[in-house]
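Residue 294 in our numbering is what sits at position 70 of the sequence shown, and the numbering runs on without skipping anything.
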Amino acid sequence: KAELDISGAQDQLWEVFAESVRDFLKARPRPKIGGPVRPSGLPERLAMRERNLASELESLRQSKAIVETFYAGLSEEQRRHADQLLPQLFGF
225 KAELDISGAQ
235 DQLWEVFAES
245 VRDFLKARPR
255 PKIGGPVRPS
265 GLPERLAMRE
275 RNLASELESL
285 RQSKAIVETF
295 YAGLSEEQRR
305 HADQLLPQLF
315 GF
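Written out as structure tokens, the structure reads:
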């Protein structure tokens, strides 16, 4: 918040953004350790990959919506700072 120089007028915007990011990070799928054995048949492996990609796409869409809403309330300078600070939060 301080690094982006969020003003008092932008506090509400920041709070909504921070809460959205927390909710997003809690809800997104995490890699499973010691899970079931990977299917051996090609059709099953392709189906699993398709489900994983669909889940990743939905996560990407959610993060895009969160960021677009947040960026709409930032100044140009704040956007440049956010471009440097926030990508790692979303896995970039």
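Where is the CB? At the ideal position from N, CA and C, for every residue including glycine.
Among the options, the one whose alpha carbon lies nearest that of residue i
{"i": "residue 296", "options": "241, 313, 275, 226", "result": "241"}
{"i": "residue 292", "options": "266, 237, 274", "result": "237"}
With 16 other Cβ atoms within 10 Å as the buried cut-off, status of residue i
{"i": "residue 277", "result": "exposed"}
{"i": "residue 310", "result": "buried"}
{"i": "residue 298", "result": "buried"}
{"i": "residue 316", "result": "exposed"}
Integer Cβ distance of residue i from residue j, believed to fall under 8 angstroms
{"i": "residue 229", "j": "residue 302", "result": "6 angstroms"}
{"i": "residue 314", "j": "residue 287", "result": "5 angstroms"}
DSSP state of residue i mapped onto helix, strand, coil
{"i": "residue 322", "result": "This structure cannot speak to residue 322, because the chain is shown only from 225 to 316."}
{"i": "residue 235", "result": "helix"}
{"i": "residue 314", "result": "helix"}
{"i": "residue 267", "result": "helix"}
{"i": "residue 246", "result": "helix"}
{"i": "residue 287", "result": "helix"}
{"i": "residue 281", "result": "helix"}
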